[in-house]
Each structure stands twice: as structure tokens, then as C-alpha cells.
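**Student:** Position 69, counted from 1, in the sequence shown is what this note's numbering calls 216; the numbers after and before it change by one each time, with no gaps.
Please read through the structure below; I'll follow up with questions.
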Amino acid sequence: MRIRTSKRIFDHSGSSFDSFLDEEGIRGEVEAVAVKRVLAWQLENGRRKLGKTKQAMARELHTSRSQLDRLLDPRNVAISLDTIARAARVLGKRVTVRITDAKPQRTRHATLVKTRSRTASRLPVTRAPRRGGF
Numbered sequence: 148m149r150i151r152t153s154k155r156i157f158d159h160s161g162s163s164f165d166s167f168l169d170e171e172g173i174r175g176e177v178e179a180v181a182v183k184r185v186l187a188w189q190l191e192n193g194r195r196k197l198g199k200t201k202q203a204m205a206r207e208l209h210t211s212r213s214q215l216d217r218l219l220d221p222r223n224v225a226i227s228l229d230t231i232a233r234a235a236r237v238l239g240k241r242v243t244v245r246i247t248d249a250k251p252q253r254t255r256h257a258t259l260v261k262t263r264s265r266t267a268s269r270l271p272v273t274r275a276p277r278r279g280g281f
């Protein structure tokens, strides 16, 4: 087996994770896998909460257990919305799809740092009590 190496060297220091994914040309794939991981986790979690076996859930979906395993596999992104919606209905859930703006959002870290610095400037400075009672 031969390992493929790239002669291009990227300096990603200072870039955002999104720009890194864009430069590597894998952003769409990574986002699809992330969405599928969340969906698979939610379906599996719902199945366990109801105490359903995979076999019973597959029977209710009128499909095979191996097909259900593909649906619950977080790495398999080739699943239709119809299949996901049917699985959700079997679990007493519904699927909501939302399209949002692709504008870069402020990161949680930047928001926390800004909030902490504003809050810290308004807090009174207190000293630790002295030892010895005086």
C-alpha cells in the first residue's frame, strides 16, 4: 500500500476552521458527516429511550436490520430525507429541516471572552480576609 503525500504545504496559522476546510476542498463532506452524526445519534437515542430493538424498529419501517444499521451509521451520508423522516415517525418524532444564511457566525469563544471582560470590569475588587483575625 502506497501512501500518497502532497507536495503542497499549507500554513493554516491564523485561519479559521471553515477556511481550512475550504482550502482543503472538504467542507461539504465534513458538514454532511457532521449532520449525519447528529441525526444518527438522535435516532439511536430515541430508539433506546423507547426500549425498541433494532429488529423491531426495522420491522416497523418495513426494511431489513442491515438497512437500519446503514441509517444509524454516522459515516453513511447517502440516506434520503424520506428514510430519515420515516425512522423519526416510528420513534414518535418528526424531522425539521431549516435553511439558514451562510454568513460566518461569531464563535462562542469570542462571545465568552468579550462577555467576561465586560463583566470583570464592573465587578468590585475584593481582598482575601487576613489570617490571624485582624
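The C-beta atom is built at its ideal place from N, Cα and C for all residues, glycine as well.
1. Thinking C-alpha only, which one of T247, D248, V242, L238 is nearest G198?
2. Between the C-alpha atoms of I246 and A179, what's the straight-line distance to the nearest angstrom?
3. Name the two residues that bound the continuous alpha helix (DSSP H) containing T213.
4. Would you give the residue range spanned by the alpha helix (DSSP H) that S166 belongs to?
5. Which first and last residues belong to the alpha helix (DSSP H) in which K201 is found?
6. On the CB-based measure, 16 or more other CB atoms within 10 Å of its CB, does R194 come out buried or exposed?
7. So, does the CB of K250 fall closer than 7 Å to a CB anywhere in chain C?
8. Measuring CB to CB, does L218 end up less than 7 Å from A235?
9. Please state whether DSSP places D248 in a helix, a strand or coil.
10. Does DSSP put G193 in a helix, in a strand, or in coil?
**Tutor:** According to the structure shown:
1. Residue 198 sits at position 51 when you count from the first residue of the sequence shown. It is L238.
2. For the purposes of this step, residue 246 is identified with residue 99 of the sequence shown, where counting begins at 1. For the purposes of this step, residue 179 is identified with residue 32 of the sequence shown, where counting begins at 1. I246 and A179: Cα-Cα distance of roughly 14 Å.
3. Along the sequence shown, read from residue 1 onward, the residue named residue 213 stands at position 66. It should be pointed out that residue 213 corresponds to Ser in this sequence rather than to Thr. Element bounds for S213: 212 to 219.
4. Here residue 166 refers to the residue found at position 19 when the sequence shown is read from its first residue. Here the alpha helix (DSSP H) through S166 covers 164 to 171.
5. The residue labelled residue 201 in the question sits at position 54 within the sequence shown. Segment 201 to 207, the alpha helix (DSSP H) holding K201.
6. Position 47 of the sequence shown holds residue 194. Buried: at least 16 other Cβ atoms inside 10 Å.
7. Considering every chain present, this structure includes no chain C. It has just one protein chain.
8. Start at 1 with the first residue of the sequence shown, and residue 218 comes out as number 71. Start at 1 with the first residue of the sequence shown, and residue 235 comes out as number 88. Against a cut-off of 7 Å, the Cβ pair of A235 and L218 comes out as no contact.
9. Looking up residue 248 in the sequence shown gives position 101. In the structure shown, D248 sits in coil (DSSP, three-state: anything other than H, G, I, E or B).
10. Reading the sequence shown from its first residue, position 46 is the one you call residue 193. In the structure shown, G193 sits in a helix (DSSP, three-state: H, G or I).
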